[in-house]
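See structure below.
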Amino acid sequence: MPKPTSRFTTYLTPAQEDELRKIANAIVAPGKGILAADESVGTMGKRLENINLPNTDENRRKYRELLFTADNVISNNVSGVILFDETFRQSTAAGVPFVKVLQDKGIIPGIKVDKGVVPLAGSLNECTTQGLDGLSERCAEYKKGGCGFAKWRCVLKISEHTPSHQAMMENANVLARYASICQQNGLVPIVEPEVLPDGDHDLETAQRVTEEVRLVYICCFRMPCSFTQTASIKKKKINRDPVSITFFLPLHLPPGITFLSGGQSEEDATINLNAINTYAGRKPWPLTFSYGRALQASVLKAWGGEDANIKAGQDELIRRAQANGAAAVGKYAGGGEGAAGGESLFVANHAY
Ligand code: 13P
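Under the UniProt record's numbering, the residue at position 192 of the sequence shown is numbered 192, and the numbers go up by one with no gaps.
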């Protein structure tokens, strides 16, 4: 066991740190971001229901095959894909494991390792995320199976008396413990404290809460993690004036920040990421995307569950990836709208 060099040092060898840093830097390479395809069985069922498909193993597998076998050009803008456990174990119809399909494209497979959001006892409808039991063993299996990074989602809710200190501390601690366990197993942890956009709060409240939630980062201090941050305001309240966008820039975080789309429309998610990256302020870290809904809404619409439309769905995915890749370097000029372009993707009390 290597000796710590300060109270903030995690017990990692230089070789372990190097490996983690390399993966994290590849994830946030210029013009690249993450496709979040880690919807749970239930959440995927809701997406399939929208296109009148039953929520069967085979339909989920077929859809994921569509995503992962899109033309190789996708790897110019997608550095990593987050998988759900079921998907990690699935293969194409021709029998090629999805993990291999991604690796062959130069895309890093990632894995959602939490076991879902649960009520936080004694709180006002707040929550924590479970899944620490057996996490180290699961991470070891995922690493051996080809994954390079992991995701764990925590949820914080804004209301008159929330998020409470209890919820913020609990979620910060669970994220820090998860992150440390991942690192011990060679997985870069994406630390995702999602502040839900639900509620009638204003921009200033969202700013205050987002800043308070930075407790998470202090707990995770000195870890070479990748972070996911959310814009915690309903679409109609987002002001594209770059000054207001500084509210979303958290501090103290190496080596990159990957924003989730959080219910914004596809086009808004791209335009806002671009605005963040064109803001003239100091930006010490790459600021890119880890989008689920905002990369997939048009794909689902174009596919509609029909084999004849697989290519059309893949073309939509590539278009969204290219638009967001451009936004990640502040070069999105507009005009990349897909089939679901301006539609709100807001889901009340969103679960993954
Ligand atoms: P949405 O982009 O759908 O909000 O979710 C992305 C995500 O969960 C990132 O890990």
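Cβ atoms here follow ideal geometry from the backbone N, Cα and C, with glycine treated the same way.
By alpha-carbon distance to Ile74, the top candidate from Val101, Asp85, Lys46 and Val209 is Val101. Residue ranges of uninterrupted beta strand (DSSP E) with 3 or more members, entirely inside the segment 244-328 and ordered along the chain, are 256-259 and 287-291. Cβ contact annotation for Asp71 (same chain, cutoff 8 Å, sequence separation greater than five): Gln314 and Ile318, in chain order. Considered as a whole, the segment 138-207 harbours 149-156 and 188-195 as its complete beta strand (DSSP E) runs of no fewer than 3 residues, in chain order. Counting only residues of its own chain and dropping the five nearest sequence neighbours on each side, Gly304 has a CB closer than 7 Å to the CB of Ile51. Two segments are said to touch when three or more pairs of C-beta atoms, one from each, lie closer than 8 Å; by this definition the segment 265-278 touches the segment 332-344. One alpha carbon belongs to Ala94, the other to Ile111, and they sit about 23 Å apart. With fewer than 16 other Cβ atoms inside 10 Å of its own Cβ, Arg208 counts as exposed.
Scanning its chain for C-beta atoms nearer than 8 Å, with the 5 sequence neighbours on each side dropped, one finds around Gly131 the residues Val113, Asp114, Lys115, Gly116, Trp152 and Tyr178, in chain order.
Take the alpha-carbon of Ser164 and the one of Ser123: they are about 8 Å apart. In the assembly as shown, Val188 is a buried residue. Its beta-carbon has 16 or more other beta-carbons within 10 Å. Boundaries of the alpha helix (DSSP H) harbouring Pro14: Pro14 to Ile27, taken from the DSSP string. Counting every other CB atom within 10 Å of its CB across the protein chains shown gives Arg320 a total of 16 or more, marking it as buried. For Lys100, the uninterrupted alpha helix (DSSP H) run begins and ends at Phe98 to Asp104, by DSSP.
In the DSSP assignment, Ser136 is bridged to no other residue. Annotation: Val41 is outside any beta strand (DSSP E); the continuous alpha helix (DSSP H) that includes it extends over Val41 to Asn50. Taken from the Cβ of Glu170, every heavy atom of the ligand 13P lies 7 Å or farther away.
Within the same chain, and ignoring the five residues on either side of Ala326 in sequence, the residues whose Cβ sits closer than 6 Å to its Cβ are Tyr332.
If you look at Thr129, you'll find it isn't in any alpha helix (DSSP H); it sits in the beta strand (DSSP E) that goes Cys127 to Thr129. In this chain, the beta strand (DSSP E) harbouring Leu35 covers Gly33 to Ala37.
A direct Cα-Cα distance of roughly 9 Å separates Val191 from Ala150.
Contact between Gly31 and Ala280 does not hold, since their C-beta atoms are separated by about 20 Å, which reaches or exceeds 8 Å. Val195 counts as buried, since at least 16 other C-beta atoms from the protein chains shown sit within 10 angstroms of its C-beta.
Look at Gly313: its beta carbon is at least 7 Å from all of the heavy atoms in the ligand 13P. In its chain, beyond the 5 residues on either side, Ser265, Glu266 and Ala297 have a beta carbon closer than 8 Å to the beta carbon of Glu343. Counted as a single uninterrupted DSSP element, the beta strand (DSSP E) harbouring Leu83 occupies residues Val78 to Leu83. Leaving aside the five residues that flank Met44 on each side, the residues in its chain whose CB is nearer than 6 Å to its CB run, in chain order, Arg60. Taking 7 Å as the cut-off, one finds at least one heavy atom of the ligand 13P near enough to the beta carbon of Ala36. Looking at the DSSP output, Lys112 sits in a beta bridge with Lys151. Comparing alpha-carbon positions, the option among Asn76, Glu86 and Met169 lying closest to Lys62 turns out to be Glu86. Rounded to whole angstroms, Gln103 and Pro109 show a C-alpha spacing of 7 Å. Judged by DSSP secondary structure, Tyr11 falls outside any alpha helix (DSSP H); it is assigned neither H nor E. If you check the C-beta of Ile276 against the ligand 13P, you find no heavy atom less than 7 Å away. Ser75 has its CB no nearer than 7 Å to any heavy atom of the ligand 13P. Between the ligand 13P and Leu260, a heavy atom-to-CB distance of less than 7 Å is present.
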